[in-house]
Every structure is written in C-alpha cells, then in structure tokens.
Amino acid sequence: DHEAERAVLASCFLDPDTALPEVRGILTEEDFHDPRHATVWHAILDAEAAGGAVDYVTVGAALRRMQRLNAVGGVQYLAGLTDEIPTTAHVGMHARLVRDVAVRRRLVAALAAAGREALTAASADEAVTLTRARIDRVGSEVATEDDDCSLMSAAEEVFTDLERAGSGQSVGVSTGVDDLDAELGGYFGGDLVILGADNGVGKTALALQGVR
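Residue numbers (my numbering): 7 to 218.
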C-alpha cells in the first residue's frame, strides 16, 4: 500500500514528535514495500538519532550522506510527500495498513517456500512440520499490544482441521451423509457445491439432506 507508506513518511515530516514514536513501535524498515520509502524511513531515523529536527531538509542531508538522495527522487520528492495528507491524526492507522500488507507478503513467501519443501519432504508429517515452522516464524513477528497473535491461532485451527479431516472426521458443516463427509470434510462458508448426476438418481434428495 504505497499510498499508506507515503502517508506515514509525510506524518513523520509534519509532526515528528508525535508520529515518530508511534510509527517506530509499529514498523521496521523491512515493512516498506517501495525501496525508496524504506530508504527514507532509514534516513528519518538517522536524522532523529543525530539529535536534529526531522524534516525534508535534515532527512535530505542524511540521504546525501548515504549517497541515496537521487535514488529516492531528490529533495523535491521528500517535500512533495507532505502535500498528500491533510492531517497526521491517522498515522497509526496508516502504519498498521503498511504493516498488515508487509505481514501478508511474508506469509505468502513463507507458504510458497513451504509448498516447494512439501514436494521434496520425506513424508506428509515432515511437510506439515516444515510448514508449521515457517508460519511460526512469520507469526512471531505479528503479535501486537491488542493481538494475541491471531495468525498463530488461525494456523493452529487449520492444522487441527487437517488432522481431523485426515482421520475421516467432518470439520465443516455436515453434508448429512457420513461417507460424503469423510471425502469432503463437510461444507464450508463460501463453497459453491454443484451436484451432477443423471435424472432420478437422488440429486434433489441429497441437496435437501444437506440443507436439513
């Protein structure tokens, strides 16, 4: 969410005394998707650590020392950031938007890697263990002051359901037919279930059984 990233940086220029402590508690440099924004955030922290004011002039000087000023678009780009937001009151919300997308990127990358590992794992149990470990690493980064690591809770539910489904138990809403539950795991919210068969073999009866 590049718009949210720019809003975070702009807030730090406009009201560093309020915005910086809040954003620092939510984001890291790696959370910014746009490399320019990650570099600017690094320079903002450098300017703050130097004990001076944080604005596009001091941050521009920090970028110049890093030989990265031109890479981010120059002082003009920094100054232009503050034209995009009318208030800094929502900086916490903007920072959480950036963080949320960053965590999703890490989770997608972790699951992609887990998918590759699953193809070469010695067994299904090893594949599940490797996947769980990757999700654990992402989950350990996402706990917040008002969040008991909901990603981990969701992951535990997924693995519990997989284990139940593997033993033939229904984990969704029962279809009304035990053998079908053993195959499908039940019905789940968002499913589109299509019954296909010749005339007179029980499609309507099965559908009504599921509704019941």
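Ideal Cβ positions, reconstructed from N, Cα and C, are used throughout, including at glycine.
These numbers come from a predicted model, not from an experiment.
Sequence-distant residues of its chain with Cβ nearer than 8 Å to residue i (five each side left out)
{"i": "L201", "result": "K209, L212, A213"}
{"i": "V81", "result": "Y62, V63, G66, L75"}
Bounding residues of the alpha helix (DSSP H) (the contiguous stretch that carries residue i)
{"i": "V179", "result": "Where V179 is concerned, there is no enclosing alpha helix (DSSP H), given that its DSSP letter is neither H nor E."}
{"i": "R143", "result": "130–145"}
{"i": "E9", "result": "8–20"}
{"i": "T94", "result": "No alpha helix (DSSP H) contains T94, which DSSP labels as neither H nor E."}
{"i": "H48", "result": "41–55"}
{"i": "Q85", "result": "Contrary to the premise, residue 85 reads as Ala rather than Gln in this sequence. Taken as a continuous stretch (DSSP letters only), the alpha helix (DSSP H) holding A85 covers 80–87."}
{"i": "L214", "result": "209–217"}
{"i": "L69", "result": "62–71"}
Residues that DSSP places opposite residue i in a beta bridge
{"i": "Y193", "result": "V179"}
Residue j beta carbon less than 8 Å from that of residue i
{"i": "H39", "j": "V107", "result": "yes"}
{"i": "L136", "j": "E123", "result": "yes"}
{"i": "R12", "j": "L87", "result": "yes"}
{"i": "V134", "j": "V14", "result": "no"}
{"i": "E9", "j": "A101", "result": "no"}
{"i": "G195", "j": "T181", "result": "no"}
{"i": "V78", "j": "V109", "result": "no"}
{"i": "T94", "j": "A188", "result": "no"}
{"i": "Q215", "j": "V183", "result": "yes"}
{"i": "A68", "j": "D52", "result": "yes"}
Residues of its chain near residue i, where Cβ-Cβ distance is below 7 Å and the 5 sequence neighbours each way are ignored
{"i": "R74", "result": "T45"}
{"i": "R140", "result": "A116, A119, A120"}
{"i": "A127", "result": "A133, L136"}
Own chain partners of residue i with C-beta closer than 6 Å, once the 5 adjacent residues on each side are dropped
{"i": "L232", "result": "Nothing about residue 232 can be read from this structure; the chain reaches only from 7 to 218."}
{"i": "D37", "result": "V104, R105, A108"}
{"i": "A203", "result": "K209"}
{"i": "G98", "result": "E28"}
Is the stretch 11–20 close to the stretch 52–67, with three or more CB pairs under 8 Å? Judged by Cβ distances under 8 Å, the stretch 11–20 makes contact with the stretch 52–67, as three or more pairs qualify.
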